[in-house]
Amino acid sequence: MRHSARATMLPDRDVLLAAFRGLPHDDHPILDAAGELALLHQLRDRIPRGEAERIDRRRAQLMRSIDRWVILAAPVPPAAADEHSETLGDLVDRLAMHSAQAFVVLAGAPESVFYDEWVRLDDLADSYQRLIDDLWAGVRSLPAYTY
0 MRHSARATML PDRDVLLAAF RGLPHDDHPI LDAAGELALL HQLRDRIPRG
50 EAERIDRRRA QLMRSIDRWV ILAAPVPPAA ADEHSETLGD LVDRLAMHSA
100 QAFVVLAGAP ESVFYDEWVR LDDLADSYQR LIDDLWAGVR SLPAYTY
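The numbering used here puts the first residue of the sequence shown at 0, with every later residue one more than the last.
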């Protein structure tokens, strides 16, 4: 696990992955949202597509809350910082979806299918870690969404 002063501000990849699985964590708004996003993705996979609107609205609320928290907590990037292609809320939601796939939906799938999903989840978690490292280094900015 990576440790630094920044670690108290944004959870690292390993803590975030644990939150998706419902494991105990320090009280942190991103971890709380991440755990709920994973549960919502699990629920969404079990209901008819037409009934997913309420779940998707809640997911959007959680993604916005992550984005707002990061805007307030992260250092202001210089104007020259490269903009990431998605917000942190979007990335955490995608991680939650792949986590739900890997640990719940595909739990009984053939090993090769489960392994492929685990590799996708691990790659995405690495992307998350690089993004938060870049945010704190001031070399990356997040897209500005107006909600």
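Glycine is no exception: its CB is placed at the ideal position from the N, C-alpha and C atoms.
What does the alpha-carbon distance come out to for the pair Leu-22 and Glu-35? The straight-line gap from Cα to Cα measures roughly 12 Å.
Where Glu-85 sits in the DSSP three-state scheme: In the structure shown, Glu-85 sits in coil (DSSP, three-state: anything other than H, G, I, E or B).
Please report how far the alpha carbon of His-83 lies from the alpha carbon of Ala-51, in whole angstroms. Taking the CA atoms as reference points, His-83 sits about 28 Å from Ala-51.
Pick helix, strand or coil for Asp-122, following the three-state DSSP scheme. Helix at Asp-122.
Which residue's Cα is closest to the Cα of Met-62: Ser-140, His-24, Arg-48 and Val-91? Considering only Ser-140, His-24, Arg-48 and Val-91, the residue with the shortest C-alpha distance to Met-62 is Val-91.
Taking all protein chains shown into account, do 16 or more other C-beta atoms lie within 10 angstroms of the C-beta of Leu-16, making it buried, or fewer, making it exposed? Flag for Leu-16 reads buried.
Compare the C-alpha of Leu-42 against each of Gln-100, Asp-121, Gln-128 and Pro-109 and name the closest. Checking every option, the nearest Cα to that of Leu-42 belongs to Gln-100.
Would you kindly work out how many angstroms separate the C-alpha atoms of Gly-49 and Asp-55, rounded to a whole number? Looking at the two C-alpha atoms, the distance is approximately 11 Å.
Between the alpha carbons of Gly-107 and Tyr-114, how many angstroms are there, rounded? Distance between the alpha carbons of Gly-107 and Tyr-114 is about 12 Å.
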